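All remarks here apply to the structure that follows.
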Amino acid sequence: MVDQNLVNAIITAGALAAGGVILGGAAVGAGIGNGLAGSKLVEGIARQPEAANRLLQRASGATNSFDCSDHPPSPM
């Protein structure tokens with residue numbers, strides 16, 4: 457007969473491992489997304505240097521709106 461405590465421990469370990477993999481994938485996805493957005497910002501500034509201030513303000517507003525801190529996001 458299989459010990460029920462062992463079965464519960466295996467199920468718990470599997471659930472924790474799966475949660476770790478999912479959180480890791482989310483972190484990688486967020487990093488890739490931020491990197492792509494940053495590269496497009498640099499491309500935009502390289503194409504139109506006179507618009508650098510406007511582009512930086514928009515990029516700052518976009519990143520602050522997704523911030524998870526306790527202060528309200530800055531208006532765009």
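Residue numbers for the sequence shown follow the numbering used here, so the first one is 457 and each next one is one higher. The beta-carbon is built from N, C-alpha and C at its ideal position, and this holds for glycine as well. Since this is a predicted model, take the numbers as computed values, not measurements.
Any idea what DSSP makes of V484, helix, strand or coil? Locating residue 484 in the sequence shown gives position 28, where the first residue counts as 1. If DSSP states are grouped into helix, strand and coil, V484 belongs with the helices.
Beta carbon of A507, beta carbon of G500: below 8 Å? The count along the sequence shown starts at 1 and reaches residue 507 at position 51. The count along the sequence shown starts at 1 and reaches residue 500 at position 44. Cβ distance < 8 Å, so A507 and G500 count as in contact.
Determine the direct distance from the alpha carbon of V498 to that of L462, and round the result to whole angstroms. Mapped onto the sequence shown, residue 462 falls at position 6. Mapped onto the sequence shown, residue 498 falls at position 42. Using only the alpha carbons, I get a separation of about 54 Å.
Where D459 and L492 are concerned, what is the direct C-alpha to C-alpha distance, given to the nearest angstrom? Position 3 of the sequence shown, counted from the start, is the residue given in the question as residue 459. Position 36 of the sequence shown, counted from the start, is the residue given in the question as residue 492. When only Cα atoms are considered, D459 and L492 end up about 50 Å apart.
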